[in-house]
Amino acid sequence: MRNLLLAGILLLTTLFCQAQKNSGDDQPEKRDTTQNELSINAFNLITLGIIEITYERVIDENSSWAIEGFIHPGKDDYIDELYYKDLSLTGKYKHFFSSTYARGFYVHGFGMISTGEYETGFYDFNEGLDEYIYETEDFTDFAIGFGLGGKFVSPGGFLLDLSAGIGRNFFNDVSPTIVGQFMVNLGFRF
């Protein structure tokens, strides 16, 4: 009986020491200690020729902040009506709901300052002619909004960030009332 008790204590001690040794070897993944990300909205670049670059800084495992620059160099496509803005600068705060480090499903709030041309129109009934007249006016405005998204980061650091958001402009009567964001960002966490 005494030998059996001694063998049991020796086995438990060995298992305990091995568990402590293994827990000391657990180092976080490299992508769980890096805090900077740089990405580009591949969807807008390919479909519309719009350049939208994002820098994101991870605050902790559940949150980050980002700044996005949007440049729409030319409005030659019919689909350009999706974006009335020519330039914008957007600040975002993201909160992640996943147990992994700043990855997975998130919600975000944003503030956007934008400038561009907004097209309006009206019917002119002068002299019996029924014609629709277009007018464009320049605007600068500030919008606040929110959105949803998901971020996927590979062990090598490449990332895919899918998100959509909606906001409202507040200060200019000639700017679009509602602003939208649709992003398919490809980038790198370093």
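Just so we're aligned, residue 1 is where the sequence shown starts under UniProt numbering, counting upward by one.
We put the CB at the ideal spot given by N, CA and C, even for glycine.
Item, Value
"When you compare the CB positions of I113 and G145, do they come within less than 8 Å of one another, or not?", "no"
"Assess, as a yes-or-no matter, whether the stretch 95-102 is touched by the stretch 175-188 under the definition of 3 or more beta carbon pairs within less than 8 Å.", "no"
"Secondary structure at I46, three-state DSSP: helix, strand or coil?", "helix"
"Does DSSP put N126 in a helix, a strand or coil?", "helix"
"To the nearest angstrom, report how far apart G147 and H108 are at their CA atoms.", "5 Å"
"Out of S175, Y84 and G150, state which residue places its alpha-carbon closest to the alpha-carbon of D141.", "S175"
"So G116 and Y134 are in contact, right, with Cβ under 8 Å, and what is the actual spacing, rounded?", "No, G116 and Y134 are not in contact; Cβ-Cβ is about 15 Å, not under 8 Å."
"What span of residues does the beta strand (DSSP E) with F96 cover, start to end?", "K85 to F96"
"With DSSP as the reference, label T171 as helix, strand or coil.", "It should be pointed out that residue 171 corresponds to Phe in this sequence rather than to Thr. In this structure, F171 counts as coil in the three-state DSSP scheme."
"Looking only at its chain, what residues have a beta carbon closer than 8 Å to the beta carbon of F170, apart from the 5 residues adjacent to it on each side?", "D141, F142, A143 and I144"
"Whole angstroms is fine: what's the gap from S23's alpha carbon to T100's?", "Because the pLDDT of S23 is 45, which lies under 50, any placement of that residue in the model is unreliable, and the question is left without a value."
"On the CB-based measure, 16 or more other CB atoms within 10 Å of its CB, does I46 come out buried or exposed?", "exposed"
"Distance, Cα to Cα, G149 vs D173?", "30 Å"
"Secondary structure at R57, three-state DSSP: helix, strand or coil?", "strand"
"The beta strand (DSSP E) with G35 in it runs from where to where?", "Correcting the residue identity first, residue 35 is Gln in this sequence and not Gly. That residue, Q35, is in no beta strand (DSSP E); it is neither H nor E in DSSP."
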